[in-house]
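Below is one structure, written out as structure tokens; the observations come after it.
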Amino acid sequence: RFQACVYFASVFQAMSCGIHYLASVFMAVTPNFVCGFPGNVSSVLFHNSSASSIEDIWTLWTSTENYIVVQLENGEIWELDQCSRSKREVSLDLAYEYEGNKSVFPCSDGFLYDDVKWKSTVVTQWDLVCDREWLAKLIQPMFMLGVLVGAVIFGDIADRLGRQRVIWFTSAGQFVFGIAVAFTFDYYSFVIVRFLLAMVSSGYLVVAFVYVTEFAGIKARTWASMHVHAFFAMGIMIVALVGFLVRTWWVYQIFLSIATLPFVLCCWMLPETPFWLLSEERYEDAQKVIDTMARWNKVSTPCKVSELCSVQQDDLASGRAGDNDTSSTKKHNILDLFCNWQIARRTITVWLIWFTGSLGYYVFSLSSVSLGGNEYLNLFLIGAVELPCYIIACLAMDKLGRRNTLIPFLLLSALICVLIMFLPQDFNILIILANMAGKFSIGVAFGLIYLYTAELYPTIVRSLAVGSGSMMCRVGSVVAPFCVYLRSVWIFMPLVATVYFFQLLVGIMALLSGILTTMLPETLGKPLTNTLVEATEMGRNKKSCSEKTPPAHSGAALEKIEMFGQERVGTDK
1 RFQACVYFAS VFQAMSCGIH YLASVFMAVT PNFVCGFPGN VSSVLFHNSS ASSIEDIWTL
61 WTSTENYIVV QLENGEIWEL DQCSRSKREV SLDLAYEYEG NKSVFPCSDG FLYDDVKWKS
121 TVVTQWDLVC DREWLAKLIQ PMFMLGVLVG AVIFGDIADR LGRQRVIWFT SAGQFVFGIA
181 VAFTFDYYSF VIVRFLLAMV SSGYLVVAFV YVTEFAGIKA RTWASMHVHA FFAMGIMIVA
241 LVGFLVRTWW VYQIFLSIAT LPFVLCCWML PETPFWLLSE ERYEDAQKVI DTMARWNKVS
301 TPCKVSELCS VQQDDLASGR AGDNDTSSTK KHNILDLFCN WQIARRTITV WLIWFTGSLG
361 YYVFSLSSVS LGGNEYLNLF LIGAVELPCY IIACLAMDKL GRRNTLIPFL LLSALICVLI
421 MFLPQDFNIL IILANMAGKF SIGVAFGLIY LYTAELYPTI VRSLAVGSGS MMCRVGSVVA
481 PFCVYLRSVW IFMPLVATVY FFQLLVGIMA LLSGILTTML PETLGKPLTN TLVEATEMGR
541 NKKSCSEKTP PAHSGAALEK IEMFGQERVG TDK
């Protein structure tokens, strides 16, 4: 009961992470637009169609190469392109084609936007078009850069100050910065506040995975960790729903941020994890949390930390006699993820999987844009397709193991990437199915690696390991959006060829990741480790890191604490 309440309270906030990650999909939409004109319009002409206002012409607009002819009340005739306007020197009659002299002017009177779908976006708010178009293209990469920074910073802080404090701060930060985005006064303040929002959103997601992993027992750990992704996917579906209902960007942002409020009001009640408290030798605080768990779960004889850790404390005392620097007092950093060859090889492999999963996820999402139809429904389905993905992943992880599930899905992703390269362009249905299958397979690997990383590393560096892996993941996320813009940079290279190039890149990296994964240890059914020595021994390598650490059985003692609240009451999950 206790673990269930903590879990659902924690993962509810993961929806807000999914919301903020994808919010720019509709917030930064660039609608149809043309250059503004000086004066009041009397008539409008577009090919063979005439109207009294430009608003009536937008339904006929089919290409950015089009232009609109307008006649002003003073008799002047202007040709309006997207990034320039031309004044006809001879204004005889209103005709679409004109062979005479023209005077070209910049868009000094602003732009006219199609507001049929969106009343206002950040693009229309600050005219992020033409020579300022690159600013609009930086919105999502800058957000992902903030996600990258937040993953590293808050992952390290969570190992130093505890999971509880980081969850408090990042939850409040998501609400405050989410609302603040809606009230930014210019583009640069908008990007800065969204950067801060990205940092706290990423920080929460990274620490939440570690938090629920350390509270869930072995039997429930797989489903508990994987379904954090499911709540993230539900956040994506909420973006589609709110985007369909609200068409003004700042109102849209406020509605999305309100989803954070219920958790902010109650997150202060979440306890610190016993794992972290014990790693910091705060045994009395750990005992209080365990006693609270026992009362909630109606366990009459809760376990005692002093009994479970008596051997560990004796070894720690003997270790201090010879060396004052123990692993429990040492401040750990990212170099500890490379403390010996076994751990270093594990870290490199895990980082590669994180990067490949992120890059593949966004490349396949890019391909799904060609599906056409209703963009709101498409985004909703993009989120919905992840739900069965995680269910299948959970079943496979519990039956086959983490490594044995990860390897085939990585190799399948590589195979699908190669298959897409050889599918004829006319076979649209097959291409769509292949892209969805590719996203499904890479989604399994992408979702699995969070839990697998948490299980591969000990308590003292677990948040740091997940945070650094998420950093590599966000490097892929930062790179992926630029694939969309290569068509305008590499004019000689068609968009389809560009997408294929990156799919081939994903395929090669997925193949390499799948091969390297065979050298990782299996963690299914094994207790979480507490020291780097235990983590090294799990890889069947007896080399220890350059530090004094408690013996391997200390992690097993901690695992008893993890499991007592569930197994003592005879439940399976």
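So that you can map any letter, position 128 of the sequence shown is 128 in the UniProt record's numbering, and since no number is skipped, the others follow by simple counting. C-beta atoms are modelled at their ideal positions from N, C-alpha and C, and glycine is treated no differently. From a predicted model like this one, the values you see are computed outputs, not experimental measurements.
Review point. Taking 8 Å as the CB-CB limit, is F46 close to chain C?
Key: As a matter of chain content, chain C is missing from the structure shown, which is built from one protein chain.
Review point. Can you check whether the CB of Q253 is closer than 8 Å to the CB of A28?
Key: Contact flag unset, no.
Check your understanding: From what residue to what residue does the beta strand (DSSP E) around R85 run?
Key -> Run containing R85: 85-88, per the beta strand (DSSP E) assignment.
Review point. Are there three or more Cβ pairs, one per stretch, closer than 8 Å when the region 459-472 is compared with the region 428-444?
Key: The region 459-472, when compared against the region 428-444, does not touch it at the 8 Å Cβ threshold.
Check your understanding: Using a Cβ-Cβ cut-off of 6 Å (strictly less than) and excluding sequence neighbours within five positions of V418, which residues of its own chain qualify?
Key -> Contacts found: G507.
Exercise for review: With DSSP collapsed to three states, give me the class of I57.
Suggested key: I57: coil per DSSP, three-state reduction.
Review point. From this set, C35, E73, F446, which residue's C-alpha is nearest S42's C-alpha?
Key: Checked all of C35, E73, F446; the closest Cα to S42 is E73.
Review point. What are the residues that DSSP puts in a beta bridge with V44?
Key: DSSP lists A51, V70 as partners of V44.
Exercise for review: Ignore the nearest five residues each way along the sequence and tell me which others in C130's own chain have a CB closer than 6 Å to its CB.
Suggested key: Sequence-distant partners of C130 (beyond 5 residues in either direction) whose C-beta falls short of 6 Å from its own C-beta, in its chain, are C83.
Exercise for review: Could you work out which residue in M199, V479, V305 is closest to G146 when comparing CA atoms only?
Suggested key: Out of M199, V479, V305, M199 has the C-alpha closest to the C-alpha of G146.
Point to revise | C-alpha gap between I391 and W223, whole angstroms | key: Those two C-alpha atoms are separated by around 8 Å.
Check your understanding: So, are the CB atoms of S513 and T356 less than 8 Å apart?
Key -> Going by C-beta atoms, S513 is nearer than 8 Å to T356.
Practice item. Mind checking which residues open and close the beta strand (DSSP E) that includes W78? Key: Judged by DSSP secondary structure, W78 falls within the beta strand (DSSP E) whose first and last residues are 77-80.
Check your understanding: At what residues does the beta strand (DSSP E) containing L112 begin and finish?
Key -> It spans 111-113 - the beta strand (DSSP E) in which L112 sits, taken as one unbroken run.
Point to revise | Meets three-Cβ-pair contact criterion under 8 Å: the region 186-200 and the region 234-247 | key: Judged by Cβ distances under 8 Å, the region 186-200 makes no contact with the region 234-247, as fewer than three pairs qualify.
**Study point:** Three-state class that DSSP yields for F183 in the structure shown
**Key:** Reduced to three states, the DSSP call for F183 is coil.
Check your understanding: Quick one: what's got a C-beta closer than 6 Å to C394's C-beta in the same chain, skipping five residues either side?
Key -> Answer for C394: T222, W223, M226, listed in chain order.
Review point. How far does the beta strand (DSSP E) with C35 in it reach, from first residue to last?
Key: DSSP places C35 in the uninterrupted beta strand (DSSP E) bounded by 33-35.
Check your understanding: Roughly how many whole angstroms lie between the Cα atoms of L415 and M397?
Key -> If you draw a straight line from the Cα of L415 to the Cα of M397, it comes to about 21 Å.
Point to revise | Contacts around M15, its chain only, beta-carbon distance under 8 Å, and the 5 residues preceding and following it disregarded | key: Here the set comprises F231, F232, M234, G235, I238, A259.
Point to revise | Where the alpha helix (DSSP H) through F275 begins and ends | key: Residues 274-279.
Practice item. State buried or exposed for E534, treating a residue as buried only when at least 16 other CB atoms are found within 10 Å of its CB. Key: Flag for E534 reads buried.
Check your understanding: With distances taken from CA atoms, which of Y362, V212, R474, T531 is nearest G438?
Key -> Answer by Cα proximity: Y362.
Review point. Is the CB-CB distance between residue 626 and Y67 below 8 Å?
Key: Limits of the chain in this structure are 1 at one end and 573 at the other, which puts residue 626 out of reach.
Check your understanding: When you compare each of M293, K304, A294 to E284 by their alpha carbons, which one comes out closest?
Key -> The residue with the shortest Cα to Cα distance from E284 is K304.
Exercise for review: Look at the Cβ atom of D114, then the Cβ atom of N32, and state whether they are nearer than 8 Å.
Suggested key: Yes. Within cutoff.
Review point. Is the Cβ-Cβ distance between S201 and Q174 less than 8 Å?
Key: Yes, Cβ-Cβ distance for S201 and Q174 is below 8 Å.
Check your understanding: Using the C-alpha atoms, what's the distance from L261 back to E281?
Key -> One C-alpha to the other measures close to 34 Å.
Exercise for review: Quick one: residues in its chain with C-beta nearer than 6 Å to the C-beta of A510, no 5 flanking neighbours on either side, listed in chain order?
Suggested key: Closer than 6 Å at the Cβ level, and outside the excluded window around A510, lie T356, L410, S413, A414.
Review point. Which whole-angstrom value is the C-beta distance of Q13 and Y204, which I expect to be below 8 Å?
Key: Rounded to the nearest angstrom, the Cβ distance from Q13 to Y204 is 6 Å, consistent with a contact under 8 Å.
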